[in-house]
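Asker: Have a look at this one before I ask anything.
Residue numbers (this note's numbering), protein chains in the order written: chain A, 217 to 936; chain B, 217 to 936.
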């Protein structure tokens, strides 16, 4: 095992510099209890007391969230793969870049190699997305690298490569993006030119901007990659094709004509060697092109093998996006677990304002309304997104029927696929902001990596950009919605999740007629149907209005599609996100109806109302809701915060993150946060030698040794 | 010089493992030009062309922002301290934790030691806050450690300690916060018990929660600290007092009874050894108590020396907060410089949607409306905050008159001081979110530390929490505003920046009477006076409403002060932030009036309108602005984005960050971002050995060497 309480490199250096290790004090042993002492924070009784206040059964909620008892069992099995070594769980936060790479490599192989024949169900993928945090370089090999082979290789190629990847005989990277080219796949500039004479493709990154840039696993670990390049035969462009190529030799050195490297340190995701690849006249044989759909004959003819079925593309993409929505929910749930537990344990501010002694009782920070608002709002959001992530998976399964991969209703599929882009966009953005907000709710200690929540915040950030930037994906959905609304005016009826737009085409339709009434008191805001009608109205209103504006630009101002689309970019994104919020509300409400457990239904209803009303307050509803209503909604929220507070610890316990997965000193199940904080501090990389590395060189020449020799001695003449 | 293109540790390990370095390819040399090639990104002509589009003179704007030509000279002098070594500027992003500590230590002493007699003016402090990024551990010693001595020590103590700190004979930490206690200073639990028999204080951290926790410089570097502890004499509590104490000996090892250490790795701020201190019966002599205001006699009598003058406390605090507001603006300006320049250089998406070739022209991302909105909104915000930061400094100077430290009008001071808390709260929050938004606008490359913007985002985060958590500080201002509004009903008139609330007490006052009219067209939204009236109205409305609600809770519902205050926490913060936005608008508008340069006034007016209108759209104005108006405001914003776009590069050039300060490969002045990105990638820590560290141990045992030996050889039998 690599994990020790000391950082390996520190050890190396201690030996090198032969600094006497005896200067370092032995670690202080800590003994958690209910009573504060020099070795106890005295918080051991807090979370058990919080748990007694719950209005519902946590076990039942766990099963409900997992989709049944059997699923819980399956999830626990997947979770059991995670290392249980407590020292290892801590030491990851001490790793430098090279150690992160090594650790994640070792762990990934340890976990996956024994299960190389494991067939993950859709449920399993959701569970993995909940458990897996920073999985490092090889996650690329096992997800998008394999995914591309599965999607683009013909049967023979698939049979040849797949087992080799699963058993780590080869490791692979998904080499699409370039230094100058990201989301615009059609604009990639890597070239694969077919050479008839040798039946090879000649690969080049002809300009600096065209070198491959960002692929995970490429920088240091991969032996192979799937390369996205412009196919050129006899000077003619045949668009972007995918090639399987080896990039490193049996000594793991780059093959001739290839330069490979890591891009440098990032804010997070330290275990992933996101890299670059420079290609100069690299030759690969003809059968390296992945040829499920198209191939190049010996003589250089580019031909179809089978017609690509867009449905297959849709399901793969939707599965990825459903997973990312679920991951967004899971990461937010992870952060909420830490923030809620810490908020219940952490105390700040005297209960009795008039008292003068420092020994007085203090409030838990979660008892402050402001903190409750910040924390419980995000907690409600993680429940909301979780249900939508699961719903997306269920939708794909339903469309397939009993035969996986065979889609019955293509129209429904297309609409779901389009919406999934917007959901990925919205949910990753919401999660990014939410996790960071939770982190801030943990005050100073949320800035320490060992809090878990700090690492979670920065490790998650790339998901907003990856697999389609949030803005670009939202615009993709916007384009579909724009066209769909347009179709309504041509007499076409929308199906599935877009069905609610059909009202627009009804005779005598007028936006005002479907606008929900302005409530006379707060009751309506407790009513899920009323709240739902608001979200529905806002989506219809925004999408219809932007469609009309678009039409006007095209017809009256004679703008081109791109120009008009760019002009209305902000409105289009707002319209898309409104549609996504409508879907999230739809799923939340439906999920509540599903449960037979009244207590669970009751607390979930409260969360759903909180989620909705916080959105009304914070998400610029001024163009829908009357000025006077905001105060009413605020009171609804305040009352809900009071009602949900006693359930808050139980609600995060229901996410069922074990301490092995949390890896957080402030979010521990037992609430002994101060012992854990001090323990991890003692093990900081910097504390492994005395004096610190650099003292002799940089500080010693300046300090006043004579003064320091005296210690704390009197230095003033004072006669008072 | 420590800086080399290779990471020191990598070198150490290469020697240790005697890996042949010959496997590492020599670096590819890059040659920026206007034409793309294998060694050129071909972007050299973009930013020069952008600069030609400016509507104003950048030099003039630079002087205007600095407060005159002389100030610009002064700023450039301060800036000239920053290292100009290009290799060093890059290598900081390769540092591991220990190297960060060493580097910042070395740099801080190099820069400051020659200027130990330098007297920084208020202007200088602002300029330093603009230039200084991650300054590391010793910044604590030179800021709050010295600040505390200056504020709490008597003349004799000050003369003794100050020169020693400035010349680095001693280094110090500000030891206030504890493991279990942050913002509630009165609740600190470290004990200083006076022992008459030896005329010493006996220091203890009696419980785990009371160990000192988070002080910068404490963990590894400090020889001394100012300790905040509860003074106890003969069993009687005398509140929190400050003590100067030595903590490390002449070999830099902790003195007896003291445990010291770093807290562990954080998300950012890597050069700072924020630490812990455990005290067990540590004895320090009587003259270690800092006794400007109070002292303990030999016999243990606690007595006043002079009555503490709250004014002095206010000015120190306000200077700190003014600096933090200015820093918030400066960091946002820093991030805007990178995001705007990169947005102009980076291209994405074909101009001609129908074209099929990958070689077609693409749009600059800054030409997309969505990107313009995100980027220019934050750019306008950095201008806005900059003016308010400077205004705060000017206000302090004005209140002092010609004699620094002597305040003429205490009432005005008190009001300004109270407002400064809210401004610190709002501006650090706005900057945190804004910097991160800018980072996201840089797509994938904004995730690399070498982008500069990534490091800036995480290194800045702690400012929201430090020197008073954003929520707690906002509530401090809220409390003052609540009391001030309350006083109005007692016939009292408010002065200075709160004067605008006096309207509330005028006879026949009614909120509706002061509510700005609903515009009939978009003209009013271009009018600074009209926009200002909206911000003014919102602040009055929110503060009055919350004051009434508070009064109701106290009188009708018989709640206690704390209970009512907690109940209305969210409304109080919203009211405070509205007041702060009012002040920011006030300063922005006044600043525009100051300039005689019409071109500058014109572009600043556009920025001010943009800042205001974006706020109307994004900051939940639904309870003030009529539902129909939001569409009008949106059109105003869209038009402004078009108008400001040609000036955007010039507007960030006006912040005048040199490349030495920016340390960003994507924000460079010359726009050669692709060469710089590739150059820094080549120098990644991970790229200094082949194969990577860990290959033999973790990957080699699994790979298929036989397969890899073959290279890219044909593997299928294909007859087509």
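A virtual CB, placed ideally from N, CA and C, is assigned to each residue, including glycine.
Taking the straight line between their C-alpha atoms, what separation do you get for residue 541 of chain A and residue 667 of chain A?
Answerer: Counting from 1 along the first chain, the entry for residue 541 of chain A is found at position 325. Counting from 1 along the first chain, the entry for residue 667 of chain A is found at position 451. Rounded to whole angstroms, residue 541 of chain A to residue 667 of chain A spans 24 Å at the Cα level.
Asker: Just reading off the alpha helix (DSSP H) that residue 631 of chain A is part of, what are its end residues?
Answerer: Looking up residue 631 of chain A in the first chain gives position 415. Where residue 631 of chain A is concerned, the enclosing alpha helix (DSSP H) stretches over 626-657.
Asker: Of the residues that make up the stretch 680-705 of chain A, which ones have a beta carbon closer than 7 Å to any beta carbon in chain B?
Answerer: 680, 681, 685 and 687
Asker: Just checking: is the beta-carbon of residue 226 of chain B within a distance shorter than 9 Å of some beta-carbon in chain A?
Answerer: Stepping through the second chain from its first residue, residue 226 of chain B is reached at position 10. Any reading at residue 226 of chain B must be qualified, since the residue scores a pLDDT of 35, below 50, and its modelled position is unreliable; the value itself is stated next. Answer yes: the Cβ-Cβ gap between residue 226 of chain B and chain A drops below 9 Å somewhere.
Asker: Near residue 247 of chain B, what residues of its chain come up, given a Cβ to Cβ distance below 8 Å and the 5 sequence neighbours on each side ignored?
Answerer: On the second chain, residue 247 of chain B is found 31 positions in, with the first residue counted as 1. Around residue 247 of chain B: 253, 255, 256 and 891.
Asker: What are the residues in the stretch 859-871 of chain B lying within 7 Å of chain A by C-beta distance?
Answerer: Cβ contacts with chain A come from no residue of the stretch 859-871 of chain B.
Asker: Using C-beta distances below 7 Å, list every residue in its chain close to residue 593 of chain A, excluding the 5 sequence neighbours before and after it, in chain order.
Answerer: Residue numbering aside, residue 593 of chain A sits at position 377 when the first chain is read from its first letter. These residues qualify, in order along the chain: 826 and 830.
Asker: Can you check which of these residues, B/678, B/628 and B/689, is closest to residue 700 of chain B by C-alpha distance?
Answerer: Taking the second chain and counting its residues from 1, one reaches residue 700 of chain B at position 484. Cα-wise, what sits closest to residue 700 of chain B is B/628.
Asker: State the Cα-Cα distance for the pair residue 879 of chain B and residue 586 of chain B, rounded to the nearest angstrom.
Answerer: To locate residue 879 of chain B, count along the second chain from 1; it is residue 663. To locate residue 586 of chain B, count along the second chain from 1; it is residue 370. Between residue 879 of chain B and residue 586 of chain B, the C-alpha separation is close to 27 Å.
Asker: Considering only residues of the same chain and omitting the five flanking positions on each side of residue 220 of chain A, which have a CB-CB separation below 6 Å?
Answerer: Here residue 220 of chain A refers to the residue found at position 4 when the first chain is read from its first residue. In this prediction, residue 220 of chain A has a pLDDT of 30, which is less than 50 and means its spatial position is unreliable; nothing more can be read from the coordinates.
Asker: Buried or exposed for residue 470 of chain A, please, with buried defined as at least 16 other CB atoms from any protein chain shown within 10 angstroms of its CB.
Answerer: Sequence index remark: in the first chain, residue 470 of chain A carries index 254 (1-based). Flag for residue 470 of chain A reads buried.
Asker: Where do the N-terminal and C-terminal ends of the alpha helix (DSSP H) with residue 307 of chain B fall, by residue?
Answerer: Locating residue 307 of chain B in the second chain gives position 91, where the first residue counts as 1. From DSSP, the alpha helix (DSSP H) with residue 307 of chain B extends over 302-307.
Asker: May I have the straight-line CA-CA distance separating residue 338 of chain B from residue 609 of chain B, to the nearest angstrom?
Answerer: Within the second chain, the letter at position 122 stands for residue 338 of chain B. Within the second chain, the letter at position 393 stands for residue 609 of chain B. Inter-residue distance for residue 338 of chain B and residue 609 of chain B is about 7 Å (C-alpha atoms, whole angstroms).
Asker: Are the beta-carbon atoms belonging to residue 481 of chain B and residue 583 of chain A less than 9 Å from one another?
Answerer: Counted from its first residue, the second chain places residue 481 of chain B at position 265. Counted from its first residue, the first chain places residue 583 of chain A at position 367. No, the pair does not count as a contact, with Cβ atoms beyond the cut-off.
Asker: Within the continuous alpha helix (DSSP H) that includes residue 445 of chain A, where are the two ends?
Answerer: To locate residue 445 of chain A, count along the first chain from 1; it is residue 229. Unbroken run through residue 445 of chain A is the beta strand (DSSP E), 440-449; no alpha helix (DSSP H).
Asker: Do you know whose CA, among A/693, A/591, A/464 and A/429, lies nearest residue 656 of chain A's CA?
Answerer: Along the first chain, one-based indexing puts residue 656 of chain A at 440. Of the listed residues, the one whose Cα sits closest to residue 656 of chain A is A/591.
Asker: For residue 690 of chain A and residue 871 of chain A, what's the separation of their Cα atoms in angstroms?
Answerer: The residue given as residue 690 of chain A occupies position 474 in the first chain. The residue given as residue 871 of chain A occupies position 655 in the first chain. Rounded to the nearest angstrom, the two C-alpha atoms are 29 Å apart.
Asker: For a contact defined as C-beta to C-beta under 7 Å, what are the partners of residue 708 of chain B on chain A?
Answerer: Counted from its first residue, the second chain places residue 708 of chain B at position 492. What residue 708 of chain B touches in chain A: nothing, since even the nearest Cβ is about 24 Å away.
Asker: Mapping DSSP to helix, strand and coil, what is residue 235 of chain A?
Answerer: Translated into positions along the first chain, residue 235 of chain A becomes position 19. Reliability of the predicted coordinates at residue 235 of chain A is poor, the pLDDT of 44 falling under 50, and no value is obtained from them.
Asker: Using alpha carbons as the reference points, say which of A/919, A/652, A/790 and A/867 lies closest to residue 595 of chain A.
Answerer: Position 379 of the first chain, counted from the first residue, corresponds to residue 595 of chain A. That would be A/867, whose Cα lies nearest to the Cα of residue 595 of chain A.
Asker: For residue 466 of chain A and residue 925 of chain B, which I take to be in contact (beta-carbon distance under 8 Å), what is that distance rounded to the nearest angstrom?
Answerer: Residue mapping note: residue 466 of chain A aligns to position 250 of the first chain, counting from 1. Residue mapping note: residue 925 of chain B aligns to position 709 of the second chain, counting from 1. 5 Å between Cβ atoms; contact.
Asker: Is there at least one Cβ from chain B nearer than 9 Å to residue 755 of chain A's Cβ?
Answerer: Position 539 of the first chain, counted from the first residue, corresponds to residue 755 of chain A. For residue 755 of chain A, the answer is no, since every Cβ of chain B falls outside 9 Å of its Cβ.
Asker: Anything in the stretch 331-358 of chain B with a Cβ closer than 8 Å to a Cβ of chain A? List those residues in chain order, please.
Answerer: none
Asker: Of the residues B/840, B/411 and B/532, which one's Cα is nearest the Cα of residue 501 of chain B?
Answerer: Here residue 501 of chain B is taken as the residue at index 285 of the second chain, counted from 1. Of B/840, B/411 and B/532, the residue nearest in Cα terms is B/411.
Asker: Report yes or no: is there a C-beta of chain A within less than 9 Å of the C-beta of residue 255 of chain B?
Answerer: Walking along the second chain from the start, residue 255 of chain B turns up at place 39. Judged by the 9 Å Cβ criterion, residue 255 of chain B is in contact with chain A.
Asker: Quick check on this structure: which residue in B/543, B/567 and B/851 has the alpha carbon closest to the alpha carbon of residue 675 of chain B?
Answerer: Residue numbering aside, residue 675 of chain B sits at position 459 when the second chain is read from its first letter. Residue B/543 is the option with its Cα nearest to residue 675 of chain B.
Asker: For residue 216 of chain A and residue 725 of chain B, I'd like the C-alpha separation in whole angstroms.
Answerer: Because residue 216 of chain A is not part of the residues shown, which for chain A are 217 to 936, the question remains open.
Asker: Is the Cβ-Cβ distance between residue 659 of chain A and residue 342 of chain A less than 9 Å?
Answerer: Locating residue 659 of chain A in the first chain gives position 443, where the first residue counts as 1. Locating residue 342 of chain A in the first chain gives position 126, where the first residue counts as 1. No; because the gap between Cβ atoms is not below 9 Å, this pair is not in contact.
Asker: Determine the extent of the alpha helix (DSSP H) in which residue 563 of chain A is found, giving its start and end residues.
Answerer: Numbered from 1 along the first chain, position 347 holds the residue referred to as residue 563 of chain A. Element bounds for residue 563 of chain A: not the alpha helix (DSSP H) but the beta strand (DSSP E), 563-566.
Asker: Straight-line CA distance for residue 743 of chain B to residue 851 of chain B?
Answerer: Counted from its first residue, the second chain places residue 743 of chain B at position 527. Counted from its first residue, the second chain places residue 851 of chain B at position 635. Looking at the two C-alpha atoms, the distance is approximately 15 Å.
Asker: Out of A/714, A/615 and A/684, which has the shortest C-alpha to C-alpha gap to residue 642 of chain A?
Answerer: Reading the first chain from its first residue, position 426 is the one you call residue 642 of chain A. Cα-wise, what sits closest to residue 642 of chain A is A/684.
Asker: Given a cut-off of 9 Å, decide if residue 357 of chain A and residue 389 of chain A are closer than it, judged by their beta-carbon atoms.
Answerer: What you label residue 389 of chain A is simply residue 173 of the first chain in a count that begins at 1. What you label residue 357 of chain A is simply residue 141 of the first chain in a count that begins at 1. Yes, the Cβ-Cβ distance between residue 389 of chain A and residue 357 of chain A is below 9 Å.
Asker: Compare the beta carbon distance of residue 442 of chain A and residue 361 of chain A with 9 Å and say whether it is the shorter of the two.
Answerer: Working through the first chain from its first residue, we reach residue 442 of chain A at position 226. Working through the first chain from its first residue, we reach residue 361 of chain A at position 145. Yes, the Cβ-Cβ distance between residue 442 of chain A and residue 361 of chain A is below 9 Å.
Asker: For chain B, is any of its Cβ atoms less than 9 Å away from the one on residue 918 of chain A?
Answerer: Locating residue 918 of chain A in the first chain gives position 702, where the first residue counts as 1. Interface residue, yes.
Asker: Under the three-state reduction of DSSP, which class applies to residue 260 of chain B: helix, strand or coil?
Answerer: Locating residue 260 of chain B in the second chain gives position 44, where the first residue counts as 1. Looking at residue 260 of chain B - three-state DSSP - the assignment turns out to be coil, as it is neither helix nor strand.
Asker: Going along chain B, which residues have a C-beta under 8 Å from residue 654 of chain A?
Answerer: Counting from one through the first chain, the residue named residue 654 of chain A turns up at place 438. Per Cβ cutoff of 8 Å: no residues; residue 654 of chain A is ~13 Å from chain B at best.
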